[in-house]
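In our numbering, the protein residues as written are 541 to 843.
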């Protein structure tokens, strides 16, 4: 039975875009940040541990706490004082949805203590408003791979059932890339042919993920909206791409805004691809954590 005076929320990392699914597709991965809330008789307090803890703001500007407050502001309720404990596993500013974990946890924590418990859909509306787009926050709450389509008040969250043979390998470098910087390199306009290219590849991507068709996956991971521009911000992108393909991977994409790179491959080639990504970046003087992660199917968990 849950404790009304406290809650622990585990939120999965997410990888967004998957190539052609720019700003509309995201997938949850089995790699988590953990957030604990307990009611306080005094002021709100924060404790943080894990990689990047020194970069987390420990005041009202903390994104987790801003999300917590936003919930109460939207309902015209007075927020309670809380003790907040954060355990970071998902590295910051790497394209793995660390901000989405904070937003979702803040809203779930607030919902736990609230006299007005909101539905999942209402919480997602708030999360999208805070994040600005749905691709990370939706799978962070729901789990799985999700296509988000619509606009405020009229969203459709469509699950994409990824074939069990597809393995997700993330290569997380030891340098950061802000979403703002990654947005700035995008062109303000695209041609009709580029738009058609991405529409076709998005359709193929959905079917390729569902069927595991290898030829379709190799083609579907290509994109003309963001990756050709953002790859210039990521040292060694082209070399790692070639290593992934040579190692038997279906292809490689930028995870979210980067700099983390995501390779899709089969179980047969996952070890080869994992080693190829790590060794290639190391040869270029970049330290990286490379790991094979399963798709998370549960989403955020509260206990």
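Virtual Cβ for every residue (Gly too), placed ideally from N, Cα, C.
Since we're looking at a predicted model, the values are computed, not measured.
Complete beta strand (DSSP E) runs within the stretch 566 to 653 (minimum length 3 residues, chain order): Runs of the beta strand (DSSP E) inside the stretch 566 to 653: 585 to 590, 622 to 628.
Backbone CA spacing between residue 778 and residue 771 [nearest angstrom]: Residue 771 has its alpha-carbon roughly 8 Å from the corresponding atom of residue 778.
Which listed residue (835, 797, 755) has its alpha carbon closest to that of residue 785: If we check each option's Cα against that of residue 785, 755 comes out closest.
Local conformation of residue 785 per DSSP, three classes: Helix, per DSSP.
Alpha carbon of residue 709 to alpha carbon of residue 624, nearest angstrom: When rounded, the distance between both Cα atoms is 32 Å.
Stretch pair the stretch 668 to 688 + the stretch 641 to 657: three plus CB contacts closer than 8 Å: With the cut-off at 8 Å, the stretch 668 to 688 and the stretch 641 to 657 touch.
Range covered by the alpha helix (DSSP H) that runs through residue 746: Segment 732 to 751, the alpha helix (DSSP H) holding residue 746.
Per-residue DSSP class, three states only, for residue 668: Reduced to three states, the DSSP call for residue 668 is helix.
Straight-line gap, residue 766 to residue 827 (C-alpha atoms, nearest Å): The C-alpha of residue 827 is placed about 25 Å away from the C-alpha of residue 766.
Nearest candidate by alpha-carbon position, reference residue 570, set 803, 832, 724: Of the candidates 803, 832, 724, the one whose C-alpha sits nearest the C-alpha of residue 570 is 832.
Cross-strand partners of residue 690 (DSSP beta bridge): In the DSSP output, where bridge partners are listed per residue, residue 690 has 695.
Beta-carbon proximity of residue 727 to residue 790, cut-off 8 Å: Not in contact: residue 727 and residue 790 (Cβ atoms no closer than 8 Å).
Start-to-end residues for the alpha helix (DSSP H) that takes in residue 726: Judged by DSSP secondary structure, residue 726 falls outside any alpha helix (DSSP H); it is assigned neither H nor E.
Same chain only: Cβ atoms within 8 Å of residue 651, ignoring 5 sequence neighbours per side: Excluding sequence neighbours, residue 651 sits near 611, 657, 658, 663.
3-residue-minimum beta strand (DSSP E) runs that sit fully inside the stretch 788 to 821, ordered along the chain: Unbroken beta strand (DSSP E) stretches of 3 residues or longer found wholly inside the stretch 788 to 821: 791 to 794, 801 to 805, given in chain order.
Delimiting residues of the beta strand (DSSP E) encompassing residue 679: For residue 679, no beta strand (DSSP E) encloses it; the enclosing alpha helix (DSSP H) starts and ends at 677 to 682.
Cβ shell of residue 746 (< 6 Å), same chain only, five flanking positions each side left out: Leaving aside the five residues that flank residue 746 on each side, the residues in its chain whose CB is nearer than 6 Å to its CB run, in chain order, 700.
Proximity of residue 705 and residue 752 at Cβ, strictly below 8 Å: Cβ distance < 8 Å, so residue 705 and residue 752 count as in contact.
Spatial distance of residue 618 from residue 605 (CA atoms): If I take the Cα positions, the gap works out to 14 Å.
Burial state of residue 692 (16 or more Cβ within 10 Å): Exposed, because fewer than 16 other Cβ atoms sit within 10 Å of the Cβ of residue 692.
Buried versus exposed, by CB contacts within 10 Å (16 or more), residue 723: Taking all protein chains in view, the Cβ of residue 723 is surrounded by fewer than 16 other Cβ atoms within 10 Å, so the residue is classified as exposed.
Straight-line gap, residue 546 to residue 732 (C-alpha atoms, nearest Å): Answer to the nearest angstrom: the Cα atoms are 52 Å apart.
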